[in-house]
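Trainee: Below you'll find the structure I mean.
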Amino acid sequence: MAQVKASMAGTVLTVLVSQGDQVEAGQDVIILESMKMEVPVQADQPGRVKEIKVEAGAFVNDGEVLIELEE
Numbered sequence: 578m579a580q581v582k583a584s585m586a587g588t589v590l591t592v593l594v595s596q597g598d599q600v601e602a603g604q605d606v607i608i609l610e611s612m613k614m615e616v617p618v619q620a621d622q623p624g625r626v627k628e629i630k631v632e633a634g635a636f637v638n639d640g641e642v643l644i645e646l647e648e
């Protein structure tokens, strides 16, 4: 199982996928806001979204798991 992790601390602005969606490597899956900048977070590998662990408005730390993918 693959995990999409936060690349920096920030607030989840938008979740761009839903549970069950198929994602490709490099696809934007979440937009974080950090220091007034919008930072896209991408899937490192393809897979199906198994679980979304955050929602819009939540604060996340660097390295925190945001989404779990099934291969």
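No gaps in the numbering here: position 20 of the sequence shown is 597 in the numbering used here, and each next residue is one more.
We treat Cβ as the ideally placed atom computed from N, Cα and C, and that holds for glycine.
Are the CB atoms of R625 and V600 within a distance shorter than 9 Å?
Mentor: For V600 and R625, yes; Cβs fall inside 9 Å.
Trainee: Hey, out of V592, P623, S611, V589, whose CA is closest to Q580's CA?
Mentor: Residue P623 is the option with its Cα nearest to Q580.
Trainee: Given a cut-off of 9 Å on the beta-carbon distance, is the pair V642 and V589 in contact?
Mentor: No; because the gap between Cβ atoms is not below 9 Å, this pair is not in contact.
Trainee: Closest to G597 by C-alpha separation, out of I629, V616, M578, would be which residue?
Mentor: Closest option to G597, Cα to Cα, is I629.
Trainee: How long is the line joining the alpha carbons of A620 and D639, rounded to whole angstroms?
Mentor: One C-alpha to the other measures close to 15 Å.
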